[in-house]
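This report concerns only the one structure given below.
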């Protein structure tokens, strides 16, 4: 088993540890006894701060489950998960909700926006819920970067799919979370709109120092990341640094072939 | 067959939502059936009672009313001499005849002078114990009364007042007070609905109730074997001649039933009216439920259409679901209705009305009516949504279902709604300016119905403005949660409109009736202040007359400036136009009454009407018979002679108190009616010397201590009494309207529950990005409160409009003060907010419990 635990690095992280989130011996099992299905099997993983990490793997490999557990959306059967120095496993719903609100950003595959709120209201929603005033300068910068300045008063139904996902990205960034989780954020977009969103995520890592974890099955999407983790049968089976679409695709073909022969 | 199968599956797939609609159907049907069963049971009870108590033929003295009411103006029951009984006994076909004495013009008190009368308003009856009574009563304790110092009491009364053998009881009549000790307690063999009954032996009853020996109020005749009741009646009537009322058992029972039947009918129709309101509200709930179900299933229906279902099949599948809902709801409703009837009987028991479940009567028509009504209403209500389902295009299967787009209520709706509302408003306006009560009430009815429908139609359009206004006032304080609640309420104006409208109906009626009620109190109070000059009013609350002794006692009370006696009698009038008016009511009072009651006159002075051989008439009577001041009317007093009276005053018809009364002085009455026949006082007015009101009030109460049957009230008491009476009536009506409001609340619950389901993904998203459970629940509660307040605002506004119009219209009848009961209105408004909170309890709880990941993943 390849361990995905990286050696902590310091520098460019504003004094915080270089690991934004880590999982230790995380097990997620459904059911019990003979019918037990293990989705995550003693996973250890470190998510480096200021990096764009992609999680890949075939359907049922546990990649979404891993992300959900890291993000505090799902509970684990055993093991520990830390967000920075905070252990989130075992937190009560109230604390978890606060944690998600204040320290985590989300981008889902679809249905990211509330239809009753316009773009800017959607972007500031997490801060509104927390009762915090958004940092106006930062907000302007985010909106500017995402290129939505002229559409802020539009309702989601008046925006294209790509624009909607960009609003979702802006929302995830606006609150300056420690880490952003994306669940196939480009899964519903055509390649051009997808490239726009991914390029934007990449820039937010490079220019703004954001930490991003993204689940995807698209080698092209994964190629935007700094590091790709491969999951199979609930275990991390491989890792690739500085991926390109071709290398990712090759690695996946590899797995496929091995899967078939084994 | 497939249609039916999918309908059934859909029905069970949405059990929860269907259950709420079914409860609405159930409640309405239950109320209808409950009313029918209850009134049938009451009828059975009374029928049994009357059948048991009536002898084959009953002879009563002339002057007794149909239902056997035996109070005359002199405070004694009308009687016949013992010779009549002797004559009857000799009639062929008579097996036996029994004379009896009964009077309900009595007050019975215990040793502490506390009244033993029923609190329910049922009569207190004192009578002689005869063989006829023994048929229906069983002595359970002690023995029948014998001698002047014994009395027997019915078991129910004894239980209620904890009377034991040997306790002292006082029977107070116009004759005087008769005291006796309880010698026995007897139980009814049939259900006694609530009268208190006391038995003396016949001789004592004659003395105590009438003051004469050997007289009877009734003679109970038993037919010999083989003699028909009708035949016997004929022979008895022929023997004793005219001047008596002779009834067969059947006739007596019918007459008795007519007495209670009309009251029961009023009750029955009033309750059915409220059931109708509940049905109306239920229709909204059903329409809303099916609309939402159809909207949610758009994709599914599209798929069915795409694979070949016809419009008709889709349409029919929705109607089949409705039919099933109607059948289940109504069947349960019929059952619940019987439960309601039993509950009502228990409730009546608490107020002193005795009903036995043994008499529970469920006519075959009751379940039929309930089922048919419930099913027809449900299917009709589902028709519109079913039609909409049929119109879903197969393309809908391919489109993203998502949340339904903001349904911009159409221009057509706006135009129709506005037209109806304007027409309704015009109707109300015409009602308020009408100068004829009949035309006015017609316009009022038209106005109420049209404005209600108009409001229902434009409700969705108003929802936008009203919800925004409410949001600006209430929700802004709650920040983003409030804002989202507001947006959610505005999302589907048609749904918010329909949900609010359901609440609107009940609250509009509450507001209307409370305005009318408080205007009634205000008008009467103003009328009392303006017209009544007397400080105190003394009367018996059951219409018993005030005896001369009591009047003496009143007059002897210190601190009084004047005492005015007030008598009512009847006379045949012959005005100058020659038409004779039989049995017209006429009021005789002391001349001081002109000061005690300041009635406006249109001609002459009221004081003059109390001069010898003078009288006053009221304006309308004067107009109808072309009477002017100085006209002479021939007045034939009952039990007296004919007088020629001169009209010296014409009173205005515009008065609240004593409207339409015609006055003469007591002196004039006494001149034409022989001393023994002059009726006793109905009321006595007393006025204290200046500045001695309080002492006089106490003195009066002391003076009347020995006459517990009379109540002294000062003006404050009187107003309070009036207020309490109207308040009680209103509370009863509010209680019945609560049914409609409960159904409306179910509607709010339903709408919220469906909205929560529709917005599952949104809720998941919000929770994922950090909305806490508490905030989520608060958001749903806010939405609910806004919907409820929207309904309340519309309902209260509409209702106050109706109430104000009704007051304008009733101003013709003296209801000339409009008073809006702001505390009630504001209370109802605030209460509606709590209703909203309550309705959101379960939907909010369920939304809070949703699993975030599942919610996000929901399609």
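Residue numbers (my numbering), protein chains in the order written: chain A, 1 to 262; chain B, 1001 to 1859. Even glycine gets a Cβ: it sits at the ideal position worked out from N, Cα and C. This structure is a prediction, so every number in the text was calculated from the model and none was measured.
- The C-alpha of residue 97 (chain A) lies about 6 Å from the C-alpha of residue 1772 (chain B).
- Secondary structure at residue 1560 (chain B): strand, using DSSP grouped into helix, strand and coil.
- Of all residues in the region 1743-1764 of chain B, the ones placed with a Cβ closer than 7 Å to any Cβ belonging to chain A are 1761 and 1762, in chain order.
- One thing to note: residue 1440 (chain B) has its Cβ no nearer than 9 Å to the Cβ of residue 1452 (chain B).
- When DSSP states are grouped into helix, strand and coil, residue 233 (chain A) belongs to the coil group.
- In the three-state reduction of the DSSP assignment, residue 68 (chain A) falls in the helix class, which pools H, G and I.
- For the 9 Å CB-CB criterion, residue 1567 (chain B) and residue 1666 (chain B) form a contact.
- Taking a C-beta cut-off of 8 Å against chain A, the contacting residues of the region 1456-1480 of chain B are 1479 and 1480, listed in chain order.
- Put simply, the backbone Cα of residue 36 (chain A) is about 14 Å away from that of residue 62 (chain A).
- Pairing residue 1104 (chain B) with residue 1333 (chain B), the inter-Cα distance amounts to about 42 Å.
- As DSSP reads the structure, residue 239 (chain A) sits in a beta bridge with A:229.
- Between the alpha carbons of residue 1736 (chain B) and residue 1494 (chain B) lies a distance of about 28 Å.
- Per the C-alpha coordinates, the member of A:52, A:229 and A:130 positioned closest to residue 202 (chain A) is A:52.
- Boundaries of the beta strand (DSSP E) harbouring residue 55 (chain A): 52-56, taken from the DSSP string.
- Residue environment: residue 1705 (chain B) is assigned as exposed (fewer than 16 neighbouring CB atoms within 10 Å of its CB, all protein chains considered).
- Taking 9 Å as the threshold, the shortest C-beta distance from residue 1787 (chain B) to chain A does not fall below it.
- For residue 23 (chain A), the enclosing beta strand (DSSP E) has its first and last residue at 19-30.
- Secondary structure of residue 1670 (chain B) (DSSP, three-state): helix.
- By the CB criterion at 9 Å, residue 1340 (chain B) and residue 1037 (chain B) fall inside the cutoff.
- Here the alpha carbons of residue 1033 (chain B) and residue 1552 (chain B) stand approximately 54 Å from one another.
- With respect to the 9 Å criterion, residue 145 (chain A) and residue 204 (chain A) are classified as neighbours on the basis of their beta carbons.
- Within the region 203-237 of chain A, no residue has its Cβ closer than 7 Å to any Cβ of chain B.
- As computed with DSSP, residue 1567 (chain B) is found in a beta bridge with B:1588.
- Per DSSP, the unbroken beta strand (DSSP E) holding residue 1218 (chain B) starts and ends at 1218-1223.
- Using a Cβ-Cβ cut-off of 9 Å, residue 129 (chain A) counts as an interface residue toward chain B, since at least one Cβ of chain B sits closer than that to its own.
- Fewer than three beta-carbon pairs drawn from the region 1239-1249 of chain B and the region 1130-1146 of chain B are found closer than 8 Å, and the two stretches are therefore not classed as touching.
- The Cβ of residue 1769 (chain B) sits closer than 9 Å to at least one Cβ of chain A.
- Comparing alpha carbon positions, the residue from A:154, A:238, A:91 and A:224 closest to residue 206 (chain A) is A:224.
- In this structure, the CA atom of residue 1378 (chain B) is about 7 Å from the CA atom of residue 1325 (chain B).
- Contact check for residue 1645 (chain B) against residue 1603 (chain B) fails: the beta carbons are separated by 9 Å or more.
- Taking 7 Å as the upper bound on Cβ-Cβ separation, chain A lies near residues 1484, 1487, 1488 and 1491 of the region 1483-1512 of chain B.
- By the criterion of a C-beta distance shorter than 6 Å, residue 1669 (chain B) is surrounded in its chain by 1588, once the five residues flanking it on both sides are discounted.
- Straight-line spacing of the CA atoms in residue 1275 (chain B) and residue 1844 (chain B) works out to 30 Å.
- The DSSP-derived three-state label of residue 177 (chain A) is coil.
- Around residue 68 (chain A), the beta-carbon contacts reaching into chain B at under 7 Å are 1853.
- Residue 1853 (chain B) is a Cβ neighbour of residue 73 (chain A), given a cutoff of 9 Å.
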